[in-house]
Amino acid sequence: MIQEKVMTRPKLSLEWLRSIMTNVGPFIFVIAVVTIFQLINPFFLSYQGIITLIYAMSYFLIAACGLTFVILTGSFDFSVPSVLRLSALICVLYIEKIGLLVIPLALVACLVIGFVNGLLLAKFKVPSFLATLGISIVLEGIAWYLTKGHLALMQNETFRSLATFFIAGFPSTLYWGMGVWIICTFVALVTPFGRRIYAVGGNLEGAGLSDINVARHRIYVFMLSGFLSGLAGVLYMSQMGGGSVRIGAEMAIPLFASVVAGGTALTGGVGGPHRTLLGVIIITWIQAGMAMLAIGQDIQMLTFGLIAIGMSIATIERKRIKIVK
Amino acid sequence: MNNQNTNKRIFSVITQTLKMHPVIIVLLALIVIFGSIYPDRFFSPINFKSILRQFVTLTLFALGPSFVVLTGRLDLSFVGVWMLGGVFVWLFKPILGMFAIIMIPVVGVATGLFIGVIQTKAKIPSFILTLSLLVTYTGLSALIAGGYPRAVEGYEFITSPLIPLIPTAFLLTIPIIAAAIFLMKYTRICVYLNAIGSNEEGAQLAGINVDKYKILAFMLSGLFTGIGAMILFQHLGGSAQMELKLNTIVWPLVAIVLGGTPLTGGSGGPQRTLLGAITFTVFYRGLYLSALHPIMVPLLVGVLLIVSIIISARGLKGVTVT
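So the protein lines, in turn, are chains C and G. Heads up, my numbering is the position in the first sequence plus 18, with the first residue counted as 1. Heads up, my numbering is the position in the second sequence plus 68, with the first residue counted as 1.
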């Protein structure tokens with residue numbers, strides 16, 4: 019580490035690989051994925067195929083945007099799939115009793131969970147990964163308690179049409195996803211709040227010294243992540259029309275892989291929601307393409323694990339960090 | 069006079085131990101609480117046996133990662149070593165015969181080396197690296213085994229009863245625990261790992277080959293997990309498992325933190341993990357026997373994890389937590 023300070027010239031191979039991977043890599047990756055699946059399966063880019071791809075990526079994009087903000091500050095949110103599941107289950111279980119009021123109820127619940135996550139990290143100094151892991155376990159218990167292990171079906175047509183209503187040939191979930199993505203990109207790149215998040219992720223101590231309330235921004239980011247996961251859960255329930263405690267069980271690694279595949283580094287301060295779109299396209303289209311070809315869960319897990327490891331090696335900015343734990 | 073002196077000394081030793089291991093108070097309190105609520109069920113031989121059985125599972129999973137936690141990192145790949153190793157035992161049984169079980173420690177050490185090298189050279193946060201690797205291993209073992217658990221016969225001697233009430237797996241665990249404690253008490257590894265955990269830059273400036281010892285910590289973790297998984301392989305059913313459960317990953321972490329190894333590293337170690345494991349087991353069995361709904365138990369485990377991390381992180385100043 020001392021040697022690195024003296025050496026001004028970066029290590030050519032890995033740094034070069036990093037700049038290529040973060041800027042051009044995702045585009046090449048997307049083209050490769052589309053070409054390969056189109057060659058194997060000619061129906062991949064047919065109208066029905068594209069509708070399938072849109073259904074697979076839209077809610078995922080919203081959840082991934084939330085996770086991107088957390089990773090931008092250098093933390094990690096493991097609880098995104100659990101929060102998504104909780105919000106989906108709240109919607110399906112209580113829609114009979116209180117009607118469409120379940121949507122704000124679910125979103126507020128998710129916001130509170132995000133707040134607790136942020137509070138544990140910022141005030142109680144619990145490493146975010148473990149705090150969110152513990153919260154995930156608690157949420158899993160709550161999900162079991164709510165459903166009693168049964169499969170619940172959504173009967174409300176209005177709620178179903180939230181994501182499945184077709185506008186201009188595409189399901190409305192696409193417009194939800196793209197809308198949230200555009201807002202997130204705007205917030206991250208243009209607003210002062212976004213700049214402060216980049217500052218917190220780039221240099222925690224420096225951000226604190228330049229009069230940014232670091233603890234408060236960390237909590238905000240986790241609340242944003244919780245809120246967006248909740249929104250993703252509402253849309254998920256709307257398009258799937260039912261579910262059990264198994265919702266989102268295998269989502270944690272694909273979500274993380276999609277964020278790093280887009281080019282957001284784990285160390286924070288590099289990347290952003292604008293890049294996550296390409297990452298989500300890569301991951302969910304591989305997922306949907308494999309599902310169309312009837313390739314099993316095992317190969318999918320293997321692929322996403324390897325993509326996650328490979329892309330985190332490729333995107334991380336090694337010059338800036340000294341000690342990584 | 070002499071008698072009084074010895075009394076004083078014993079008293080001071082006890083207070084010192086309690087200060088070092090506050091979890092002992094929790095353990096005693098739990099035993100007293102559960103013992104007074106339902107004495108006949110809690111102090112029954114069957115419950116004693118189940119506590120020992122669960123203690124074995126938890127300890128064997130948690131011993132290895134404690135070495136890594138000591139340096140301030142996390143190793144979540146232990147479940148993956150157990151799964152992939154089990155599949156390899158099934159795969160290599162026709163070729164290697166009974167020696168096929170050697171594959172589990174081999175997988176463990178290879179995993180440790182891989183994680184250590186990637187973590188130190190490519191500088192990826194360890195938890196996410198090991199988590200991704202864990203998922204990769206799950207997919208790989210499901211792929212090799214064809215998607216369902218494969219039973220392997222021939223290793224039943226590991227769990228065959230020798231002494232009534234005490235599981236044989238527990239007896240086999242004792243040498244592993246002794247080896248871990250020996251490493252921590254009588255070799256330099258303990259000092260070096262503690263130094264890296266409490267101040268990595270300082271350790272490097274003091275001339276410790278930090279990268280080497282970090283890789284060594286991951287390899288020790290892999291080795292201990294591998295040897296433990298040889299016992300667990302039979303202890304948990306004699307087949308290679310396929311499904312990844314959140315509980316299997318989290319419980320050993322709870323045992324480590326509860327034992328008094330803070331996740332920021334720098335103090336604690338495998339010897340404390342034993343205390344954490346026994347406390348957690350008593351906590352879990354006590355709740356399991358109680359009138360609580362079974363769904364509530366994992367929920368309380370999650371709360372226990374967070375609370376114990378908060379308590380272990382008290383008084384941390386100048387440490388940035390991400």
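Just so you know, even glycine gets a beta-carbon here, dropped at the ideal spot from N, CA and C.
Neighbourhood of C/L151 by C-beta, 7 Å cutoff - its chain only, sequence neighbours within 5 removed: Taking the first residue of the first sequence as position 1, residue 151 of chain C is located at position 133. Here the set comprises F96.
Candidates G/F102, G/S307, G/L357, of which the one nearest G/E224 by Cα: In the second sequence, residue 224 of chain G corresponds to position 156, counting from 1. It is G/S307.
Limits of the alpha helix (DSSP H) - the one that G/N315 falls within: As a position in the second sequence, residue 315 of chain G is number 247, starting the count at 1. Run containing G/N315: 314-327, per the alpha helix (DSSP H) assignment.
Spatial distance of G/Q187 from G/L197 (CA atoms): Translated into positions along the second sequence, residue 187 of chain G becomes position 119. Translated into positions along the second sequence, residue 197 of chain G becomes position 129. Answer to the nearest angstrom: the Cα atoms are 8 Å apart.
Cβ-based neighbour list, G/S145, same chain, cut-off 6 Å, excluding 5 preceding and 5 following: As a working mapping, residue 145 of chain G is identified with position 77 in the second sequence. Within the same chain, G/S145 has close Cβ partners T179, T198, L201, L202.
The region 139-150 of chain G: positions lying closer than 7 Å to chain C by Cβ: G140, R141
Cβ shell of G/V142 (< 6 Å), same chain only, five flanking positions each side left out: Translated into the one-based positions of the second sequence, residue 142 of chain G becomes position 74. The displayed chain sequence assigns Leu, not Val, to residue 142 of chain G. The answer, listed in chain order, is S194, F195.
9 Å Cβ cut-off: residues of chain G touching C/S243: For the purposes of this step, residue 243 of chain C is taken as the residue at position 225 of the first sequence. Chain G residues near C/S243: none, gap ~15 Å exceeds 9 Å.
Where C/W162 meets chain G, residues with beta-carbon distance less than 7 Å: Your numbering for residue 162 of chain C matches position 144 in the first sequence. The contacting residues are I363.
Min CB distance C/A326 to chain G below 7 Å: Within the first sequence, residue 326 of chain C is the residue found at index 308, counting from 1. So yes, C/A326 belongs to the interface.
Interface flag, C/D316 vs chain G, CB-CB below 7 Å: For the purposes of this step, residue 316 of chain C is identified with residue 298 of the first sequence, where counting begins at 1. True, the Cβ-Cβ gap to chain G drops below 7 Å.
Short CB-CB distance (under 7 Å) between C/V24 and chain G: Within the first sequence, numbered from 1, the residue matching residue 24 of chain C stands at position 6. Residue placement at C/V24 cannot be trusted, given a pLDDT of 45 that sits under 50; the coordinates are not used to answer.
Start and end residues, alpha helix (DSSP H) containing G/Q187: Numbered from its first residue, the second sequence carries residue 187 of chain G at position 119. Element bounds for G/Q187: n/a, residue is neither H nor E.
C/L227 burial status per 10 Å Cβ neighbour count (16 or more: buried): Locating residue 227 of chain C in the first sequence gives position 209, counting from the first residue. Result: exposed.
Secondary structure of C/A309, DSSP reduced to three states: In the first sequence, residue 309 of chain C corresponds to position 291, counting from 1. Here C/A309 sits in helix by DSSP.
Member of G/V100, G/L131, G/I192 whose CA lies at the smallest distance from the CA of G/G327: Locating residue 327 of chain G in the second sequence gives position 259, where the first residue counts as 1. Of the listed residues, the one whose Cα sits closest to G/G327 is G/L131.
is_contact[G/P366, chain C] using C-beta, thresh 7 Å: The sequence position of residue 366 of chain G within the second sequence is 298, counting from 1. So, interface residue.
Rounded Cβ spacing between C/F211 and C/V205 (contact assumed at less than 8 Å): As a working mapping, residue 211 of chain C is identified with position 193 in the first sequence. As a working mapping, residue 205 of chain C is identified with position 187 in the first sequence. The pair is a contact, with the Cβ atoms about 6 Å apart (cut-off 8 Å).
Closer than 6 Å: C/L148 CB and nearest the ligand ATP heavy atom: The ligand ATP is not part of this structure, which contains no ligands at all.
8 Å CB neighbourhood of C/S11 in its chain, flanking five on each side removed: This structure cannot settle anything about residue 11 of chain C, because the visible part of chain C is limited to 19 through 343.
Three-state secondary structure assigned by DSSP to G/M287: Position 219 of the second sequence holds residue 287 of chain G. Residue state, collapsed to three classes: helix.
Beta-carbon neighbours of C/P145, restricted to chain G and to distances below 9 Å: As a first step, residue 145 of chain C must be located in the first sequence, where it is residue number 127. Under the 9 Å cutoff, chain G gives L142, F195, L331, T332, I377, A381, V389, T390.
According to DSSP, residues forming a beta bridge with G/S307: To locate residue 307 of chain G, count along the second sequence from 1; it is residue 239. Looking at the DSSP assignment, G/S307 forms a beta bridge with G/A219.
Chain B within 7 Å of C/L246, Cβ atoms only: The chain inventory of the structure shown lacks chain B, comprising the protein chains C and G.
Euclidean distance between Cα positions of C/I131 and C/G159: The residue you call residue 131 of chain C lines up with position 113 of the first sequence. The residue you call residue 159 of chain C lines up with position 141 of the first sequence. When rounded, the distance between both Cα atoms is 14 Å.
Whole-Å CB distance - G/T316 paired with G/V147, under 8 Å assumed: As a position in the second sequence, residue 316 of chain G is number 248, starting the count at 1. As a position in the second sequence, residue 147 of chain G is number 79, starting the count at 1. That pair is a contact at about 5 Å.
Three-state class that DSSP yields for G/A359 in the structure shown: Position 291 of the second sequence, counted from the start, is the residue given in the question as residue 359 of chain G. If DSSP states are grouped into helix, strand and coil, G/A359 belongs with coil.
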